[in-house]
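Q: The structure follows.
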DNA sequence: CGTTCAACCTGGGCGC
DNA sequence: TGCGCCCAGGTTGAAC
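Numbering (our numbering), first residue to last: 108 to 417.
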């Protein structure tokens, strides 16, 4: 479930935990797959308790909490990867039985007291992971070798350098976190629709102007989705840390809209399967092998659109 | 190099 | 109502 906009919304929502001391850590018994927590839960707990959460960050689709003994810099990193159904919560969980991690936080010893907080990781399917790293080993998992440039910042040159010679279909390639970090199945579809490119188009046939347009659309769509607090499709899906759903699903142009009219051209949104995953696109706006013709709204950023894609 | 498949899990929705 | 099947926002590793 969570892609970059949802994880970024979690990150922002977790701001209140910064500076708080970890008073207790629990992994409710029997609810965690053996490999989903590393090192072993009791080791993670022992290393966390008594330290403070110094930073809350994000790497691609992962929440990264910096653990420190103030005033020192973080010496450890708690990396939470929500995968399909994971949620970071500062509110009551949707169900009690899928709570995977409980972190009790309290204000640091000195200074005016702050309210204590309980931070939860809730994950219905249990595919998410919780891992603790030291400063050095964080790079092996969240470093440049594993994650490409962040989707909010990626440039056309970076995409072209990483994917320009690939034979893969562009939509499949956009899901590769080494190419660009944070794009998932929803936003890959939305990005390609905005830029008018057929999701089946081979990367190697996309010229530089096309990569620039894709990068522009990637930043634009992801930033807009962040502004709308991500996408929540259905009752039991993504929620922000306060339990409120996102609102970007109302602005989806193709994802989940099979058979419905494309708001841009009136054509019928189509669903295909690529790499075992659904791809939604509009054949009218995203004609095979070429860029979309006119008729779409101008890019508000004012940047050049896809001129030059043959 | 790229694709396909299975696996990790739970649960909602649908057809019968 | 119940059963079986397909679907789901992610990632990984094996097989071809």
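All residues carry an ideal CB built from backbone N, CA and C; glycine is no exception.
For clarity, every value in this text was computed on a predicted model and none was experimentally measured.
Find the nearest neighbour of residue 370 within the set 381, 382, 357, 379, judged by alpha-carbon distance.
A: 357
Q: Quick one: residues in its chain with C-beta nearer than 8 Å to the C-beta of residue 154, no 5 flanking neighbours on either side, listed in chain order?
A: 174, 183, 239
Q: Along the chain, where does the alpha helix (DSSP H) containing residue 386 start, and where does it finish?
A: Counting along the chain, residue 386 falls outside any alpha helix (DSSP H), though it belongs to the beta strand (DSSP E) covering 384 to 388.
Q: What residues in its chain sit with their C-beta under 6 Å from that of residue 298, if we drop five residues either side in the sequence?
A: 324, 325, 328
Q: For the ligand ATP, any of its heavy atoms closer than 6 Å to the Cβ of residue 287?
A: Because no ligand of any kind appears in the structure shown, any question about the ligand ATP cannot be addressed here.
Q: Rounded to whole angstroms, how far is the Cβ of residue 116 from the Cβ of residue 337, which I believe are closer than 8 Å?
A: 5 Å
Q: What residue from 258, 330, 266, 272 has the CA that sits closest to residue 288's CA?
A: 258
Q: When the Cα of residue 119 is compared with those of 143, 342, 271, 334, which residue comes out closest?
A: 334
Q: Mapping DSSP to helix, strand and coil, what is residue 117?
A: helix
Q: Nearest-angstrom Cα distance between residue 316 and residue 301?
A: Going from the Cα of residue 316 to the Cα of residue 301 covers about 15 Å.
Q: Which word fits residue 212, buried or exposed, when buried means at least 16 other C-beta atoms lie within 10 angstroms of its C-beta?
A: buried
Q: Taking the beta strand (DSSP E) that residue 129 belongs to, which residues open and close that run?
A: 128 to 133
Q: Within 10 angstroms of its Cβ, does residue 291 collect 16 or more other Cβ (buried), or is it exposed?
A: buried
Q: Starting from residue 196, trace the beta strand (DSSP E) in both directions and tell me its first and last residue.
A: 193 to 196
Q: Let me confirm a value: residue 353 is counted as buried when at least 16 other C-beta atoms fall within 10 Å, else exposed. Which label applies?
A: Residue burial annotation: residue 353 is buried, with at least 16 other C-beta atoms found within 10 angstroms of its C-beta.
Q: Three or more C-beta pairs closer than 8 Å, one from the segment 242 to 258 and one from the segment 140 to 156: is that the case here?
A: no
Q: Do residue 304 and residue 393 have their beta-carbon atoms positioned less than 7 Å apart in this structure?
A: In contact: residue 393 and residue 304 (Cβ atoms closer than 7 Å).
Q: Look up residue 169 in the DSSP assignment and give the residues it is bridged to.
A: 166
Q: Just to confirm the assignment, what range does the alpha helix (DSSP H) spanning residue 298 have?
A: 292 to 302
Q: Is DSSP giving residue 364 helix, strand or coil here?
A: coil
Q: In whole angstroms, what is the alpha-carbon distance linking residue 387 and residue 170?
A: Taking the straight line joining both Cα atoms gives about 28 Å.
Q: Rank 247, 109, 232 by C-alpha distance to the C-alpha of residue 143 and give the top, closest one.
A: 232
Q: Just confirm the distance between the C-beta atoms of residue 309 and residue 381, as a whole number of angstroms; I'd bet it's less than 8 Å.
A: Not quite, the Cβ-Cβ distance comes to about 12 Å (not below 8 Å), so this is no contact.
Q: Whole angstroms is fine: what's the gap from residue 401's alpha carbon to residue 372's?
A: At residue 401, the pLDDT of 32 sits below 50, so the modelled position is not reliable and the matter cannot be decided from this model.
Q: Residue 228 and residue 208: beta carbons closer than 7 Å?
A: yes
Q: Does the distance from the CB of residue 295 to the CB of residue 255 come in under 7 Å?
A: no
Q: Considering only the beta carbon of each residue, do residue 125 and residue 163 sit closer than 7 Å?
A: yes
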